[in-house]
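Visitor: Note that the sequence shown covers residues 5 to 207 in the numbering used here.
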Amino acid sequence: MRPRATCASISELAGGHSAVGWGKFVSFALAMIAGAAEAQTLQGVENCRQLLNDADRLACYDGLHTGTASPVETASKSASPVTLANARFDIQDKNYEQQVFSPRIELHMSFANTSPKRVSALALVVSIKDAFGDVILNGESKLDVSIRPGGTETSPTFLFWEDNQFLNDDAYSKMIGPVAAGTATVEVAINKVVYDDGTVEPY
5 MRPRATCASI
15 SELAGGHSAV
25 GWGKFVSFAL
35 AMIAGAAEAQ
45 TLQGVENCRQ
55 LLNDADRLAC
65 YDGLHTGTAS
75 PVETASKSAS
85 PVTLANARFD
95 IQDKNYEQQV
105 FSPRIELHMS
115 FANTSPKRVS
125 ALALVVSIKD
135 AFGDVILNGE
145 SKLDVSIRPG
155 GTETSPTFLF
165 WEDNQFLNDD
175 AYSKMIGPVA
185 AGTATVEVAI
195 NKVVYDDGTV
205 EPY
């Protein structure tokens, strides 16, 4: 069959529209399919981003390339028995007597332990947000804190961010406005809990 006959058949199936019109329809359909696929990919990336465990997150990203990305498993993961009880920001000025050589922002945190065992350390992800709920800073950290069963304790270890006078977009510069205004908030996700008996539980 010659190409012209093929084009004529396509034109007839399109209800009398020209082959050019049918081509536009096909292009539109392909664009819709591509858009849907892109939306699914973006959703997959967002799902992977919500995974707290590094290994799970990497496996999820790998799955996006093979089309087998795993969904976010929030229901199957048990909640940590250790939660953030209180968070307090302090703005510390330069003080050579206290070995503070640059202005800095300190974050002091207290944690509650609802488990039947004493806690000795925590691995966590800290997110600091501004008044609009936008993330200013996000990162992983580890804290040593001894918390009795059913108790609440303040960690003797605190996080701090020093002012870098040579940078305008360092962590201190991003945080100082919301912290000074009292609008900065803290969210904590507990990744691992180390108990006094030596056991380590991931969450």
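All C-beta atoms, glycine included, are put in the ideal place defined by N, C-alpha and C.
Use the C-beta contact count for Lys-98: other C-beta atoms within 10 angstroms, 16 or more gives buried, fewer gives exposed.
Guide: By the C-beta density criterion, Lys-98 is exposed, having fewer than 16 other C-beta atoms within 10 angstroms.
Visitor: Output needed for His-112: all residues of its chain with C-beta closer than 6 Å, excluding positions within five of it in sequence on either side, in chain order.
Guide: Correct list, in chain order: Arg-92 and Phe-162.
Visitor: Once the 5 residues before and after Asn-168 are set aside, which same chain residues still bring their CB inside 6 Å of it?
Guide: Non-local C-beta neighbours of Asn-168 in its own chain, meaning closer than 6 Å and more than five positions away in sequence, comprise Asp-174, ordered along the chain.
Visitor: Return the bridge partner residues of Asp-173 from the DSSP annotation.
Guide: The partner list for Asp-173 (beta bridge, DSSP) is empty, contrary to what the question assumes.
Visitor: Could you have a look at Lys-178 and say whether DSSP puts it in helix, strand or coil?
Guide: helix
Visitor: At the level of alpha carbons, what is the spacing between Leu-128 and Tyr-100?
Guide: 31 Å
Visitor: Taking only the alpha-carbon atoms, compute the straight-line gap between Arg-108 and Gly-181 and give it to the nearest angstrom.
Guide: 13 Å
Visitor: Nearest chain B C-beta to Gly-143 closer than 7 Å, yes or no?
Guide: This model lacks chain B altogether, as it is built from one protein chain only.
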